[in-house]
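Notes follow once the structure below has been shown.
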Amino acid sequence: MSSTSVPTLTLNNGVQIPQVGLGVYQTREGAEVERAVSAALEVGYRLIDTAAIYGNEVGVGKAVKASGLPREDIFITTKLWNAHHAYDAALRAFDESLAKLDCGYVDLYLIHWPLPMEGRFTEAWKALEELYNSKRVRAIGVSNFKPHHLEELLRGAETVPTVNQIELHPMFQQKETRAYCAEHNIVVESYSPLMQAGEALEHPVIVDLARQHGKTPAQVILRWHVQSGLVVIPKSANPERIRENFALFDFELSTDDMQAIEGMERGVRISADPDTAAFK
Ligand SMILES: NC(=O)c1ccc[n+]([C@@H]2O[C@H](COP(=O)([O-])OP(=O)(O)OC[C@H]3O[C@@H](n4cnc5c(N)ncnc54)[C@H](OP(=O)(O)O)[C@@H]3O)[C@@H](O)[C@H]2O)c1
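My numbering numbers the first residue of the sequence shown as 59 and each following residue consecutively.
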């Protein structure tokens, strides 16, 4: 077992979240996800990001148990799917996720998408507050929320979300949402941090920095997320890349390096726009 310890950030309720985790979107239930999570835990990852819609919560839970690590050393995130934006439905959906994970409690439960056209995320949020108050989850948060969605949520909320998980990479840096979250003490978690292995990995700024630092393009991008104060959850189902994506703590990007990456912003969103995304 690796002794590498991953830095953590403190959420607004005092809970610590590891700054680097494994995302398991598009990782098949069963042997594939179990292999990926086991490989990650072996390397030193302590945060696993799944969701009900990924269909792989059973395998995530099995790999966590098989690791032999104390449950409290591992941070498990899962998400409420869009079909359940109602109080009772959200509580039932949570119970199903927890039964599949079979891990006692969930560390972080997120509303996956706001679905503003339905206008029911505030009702779903009440259910998440109930889960938090009854200690079935250690923290609650949201995903894909723009500032105006957060504003609406906060108007009726007892509990401020701890996290907003959003698409974020060098070509889509989400400055406005990050500023809003910073103001409200909400940690931002970057999803699709490698742009789903898209053009950011081949961008000359990244390729050049990778050469200068003797690291890979993915490592440079992930290090930029870490130094930007974000939580980052790269997905890989390949044990070598899982290891590569965690080897981020033996080099540092300079202020100039960070600024060069900031100059890559292009407003390129690869996922759906949360104002119009309505999938169920
Ligand atoms: N909340 C949301 O709505 C939402 C949406 C999307 C994603 N997420 C979360 O964020 C996680 C990460 O996002 P993502 O899966 O969309 O994209 P990503 O992590 O940016 O990219 C994943 C892709 O990059 C490849 N890859 C991984 N490491 C690499 C490396 N070192 N070099 C080259 N290619 C590499 C992977 O292939 P291999 O597997 O073959 O390595 C995969 O094709 C997801 O797994 C999920 O947990 C959340």
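We treat Cβ as the ideally placed atom computed from N, Cα and C, and that holds for glycine. Quick caveat: nothing in here was measured; it's all calculated off a predicted structure.
Residue burial classification, residue i (beta-carbon count within 10 angstroms, cutoff 16)
{"i": "G337", "result": "Note that residue 337 is Phe in the sequence shown here, rather than Gly. Classification of F337: exposed, given that the 10 Å Cβ count is below 16."}
{"i": "M175", "result": "exposed"}
{"i": "P360", "result": "Given that the chain is displayed from residue 59 to residue 338, the structure contains no residue 360 and the question cannot be resolved."}
{"i": "R324", "result": "exposed"}
{"i": "M59", "result": "Because the pLDDT at M59 is just 40, under 50, the model does not fix this residue reliably, and the value given afterwards should be weighed accordingly. Under this definition M59 is an exposed residue."}
{"i": "E310", "result": "exposed"}
{"i": "S61", "result": "Any reading at S61 must be qualified, since the residue scores a pLDDT of 46, below 50, and its modelled position is unreliable; no value is offered."}
Local conformation of residue i per DSSP, three classes
{"i": "H170", "result": "coil"}
{"i": "V140", "result": "Here the sequence assigns Asn to residue 140, which means Val is not the residue at that position. DSSP places N140 in helix when its eight states are reduced to three."}
{"i": "R196", "result": "strand"}
{"i": "H207", "result": "helix"}
{"i": "F179", "result": "helix"}
{"i": "I328", "result": "coil"}
{"i": "K249", "result": "First, the amino acid is wrong: residue 249 is Tyr here, not Lys. Three-state DSSP puts Y249 in a strand."}
{"i": "N222", "result": "strand"}
Residue i and residue j closer than 8 Å at C-beta
{"i": "K293", "j": "T108", "result": "no"}
{"i": "E181", "j": "A144", "result": "yes"}
{"i": "H227", "j": "L252", "result": "yes"}
{"i": "V290", "j": "Q77", "result": "yes"}
{"i": "F304", "j": "Y103", "result": "yes"}
heavy atom of ligand 3 below 7 Å from residue i C-beta
{"i": "D146", "result": "Among the ligands modelled here, namely ligand 1, ligand 3 does not occur."}
CA-to-CA distance, residue j to residue i, given in whole angstroms
{"i": "L69", "j": "R213", "result": "20 Å"}
{"i": "A186", "j": "E154", "result": "Residue identity differs from the one stated: residue 186 is Leu in this sequence, not Ala. Using only the alpha carbons, I get a separation of about 14 Å."}
{"i": "L149", "j": "T313", "result": "45 Å"}
{"i": "P65", "j": "D146", "result": "36 Å"}
{"i": "G199", "j": "D266", "result": "36 Å"}
{"i": "I244", "j": "E260", "result": "31 Å"}
{"i": "K123", "j": "G113", "result": "18 Å"}
{"i": "W171", "j": "L138", "result": "9 Å"}
Closest residue to residue i among the options (Cα-Cα distance)
{"i": "N222", "options": "N202, P262, E209", "result": "N202"}
{"i": "A110", "options": "G72, G126, I132, F152", "result": "F152"}
{"i": "S219", "options": "Q232, T235, K123, A197", "result": "The sequence given here has Pro at residue 219, not Ser. The residue with the shortest Cα to Cα distance from P219 is A197."}
{"i": "I134", "options": "G126, Y163, A141, I169", "result": "Y163"}
{"i": "Q254", "options": "V122, L189, V326, V284", "result": "V326"}
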